[in-house]
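A.B. asks: Here it is: the structure, laid out below.
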Amino acid sequence: MVHRLTVHCDRDRAADVRFGLAHIDWVGSIALDKKITGETGIYELTGIDRDEFMIIGLEWGAGELGAHNAHVIAVRRSDWDNRKNAADLGQIDAVDIQVHGVDPFGLLLAITHYLDIKMRLRVVENSTITITELLDSPPQED
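Mapping of the sequence shown onto numbering that gives the first Met the number 0: residues 0 to 141, in sequence order.
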């Protein structure tokens with residue numbers, strides 16, 4: 000069985016340096032399908048007023064000392080609703096809201112229906128990787 004994996008990272012190298020990430024070892028992508036069931040959603044977990052803001056982005060990181068505070072990127076509903084053409088998304092004025100007292104990884108788990116993370120060593124980020132064998136560690140009985 001052959002699987003062809005291509006990871007394309009639309010990365011902002013200048014931003015990497017600006018945020019002290021000049022020597023990133025692993026790069027990749029993340030995709031999330033949010034939960035649509037349950038009583039607690041992203042607005043309730045972050046304390047963001049859903050009537051005032053529409054959340055359009057999430058940002059956080061972690062390091063040797065643990066997780067950093069989550070940041071919510073949001074657009075004021077009044078600004079979003081006043082757009083003449085919602086398809087015109089070339090420039091969006093947004094607010095960066097640092098969320099205190101919320102575990103970013105707990106937040107991620109709470110809002111996730113399905114999460115897909117793909118990471119590769121930076122040196123192979125633009126290579127086509129051909130999987131020629133599938134193994135388990137430790138080996139599993141069939």
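Where is the CB? At the ideal position from N, CA and C, for every residue including glycine.
None of these values were measured; they are calculated from a predicted model.
#1: Nearest CA to the CA of W25: which residue from R75, G60, V123, L107?
#2: Which same chain residues end up closer than 7 Å to L114 when comparing Cβ atoms and leaving out the 5 residues on each side of it in sequence?
#3: To the nearest angstrom, report how far apart T129 and P103 are at their CA atoms.
#4: Using C-beta distances below 8 Å, list every residue in its chain close to I91, excluding the 5 sequence neighbours before and after it, in chain order.
#5: Here's the rule I'm using: 16 or more other beta-carbon atoms within 10 Å means buried, otherwise exposed. How should I110 be labelled?
#6: Exposed or buried, what is T45 when buried is set at 16 or more other beta-carbons lying within 10 Å of its beta-carbon?
#7: Quick one: what does DSSP say A109 is sitting in, helix, strand or coil?
#8: So, with DSSP's three-state summary, where would you put W59?
#9: In the DSSP assignment, find the alpha helix (DSSP H) that holds L44 and state where it starts and stops.
#10: Just to confirm my understanding: we take E58, look at its own chain, exclude 5 residues before and 5 after, and list those with CB closer than 6 Å. What are they?
#11: Helix, strand or coil: which one does DSSP assign to S77?
#12: How long is the line joining the alpha carbons of F52 and L120, rounded to whole angstroms?
#13: Please classify H7 as buried or exposed, where buried requires at least 16 neighbouring CB atoms within 10 angstroms.
C.D. replies: Working from what's here:
#1: V123
#2: L31
#3: 34 Å
#4: I55, V74
#5: buried
#6: buried
#7: helix
#8: coil
#9: 41-45
#10: H70
#11: helix
#12: 37 Å
#13: Here H7 scores only 40 on pLDDT, less than 50, and its place in the model should not be relied on; the value that follows carries that caveat. So H7 counts as exposed.
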